[in-house]
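With positions in the sequence shown counted from 1, the corresponding number in my numbering is that position plus 8.
Even for Gly, the Cβ is constructed at its ideal location relative to N, Cα and C.
Note that this is a predicted model, so its numbers are computed, not measured.
Structure, as structure tokens:
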Amino acid sequence: MIDYSLYGLHDRDIETYREQIYSQLGKGVIQVLSANTPISKQNILAYLNAEIERQPDEYCQKLHRAAIEVIVINAR
């Protein structure tokens, strides 16, 4: 379970955050596949790290950071 408050996200919108985070993870997997690289924890993390800096607003950056935590905690 992620502590969303660490990213400045409020507890009242947890389901919305989860949907958006899982969407970001799905985009990461698709980008890794499109690049013809193996799907691995490191490759998805590299994609998410690169995407954080491309995000126009702080909210999207927070979601990407939470997505990184999901990968770090749950991926093998």
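Proximity to residue i [Cα-Cα], best of the options
i	options	result
Gly53	Ala74, Glu66, Ile22	Residue identity check: residue 53 is Leu in the sequence provided, not Gly. Here the closest residue by C-alpha is Ala74.
Ser42	Tyr55, Arg20, Ile79	Tyr55
Residue burial classification, residue i (beta-carbon count within 10 angstroms, cutoff 16)
i	result
His18	exposed
Lys70	buried
Asn81	Asn is not the amino acid found at residue 81; the sequence shown has Ile there. Counting Cβ neighbours within 10 Å, Ile81 comes out exposed, since fewer than 16 surround it.
Gly36	buried
Ile76	buried
Tyr67	exposed
Touching by the beta-carbon criterion (3+ pairs, under 8 Å), the stretch 56–63 and the stretch 18–30: no
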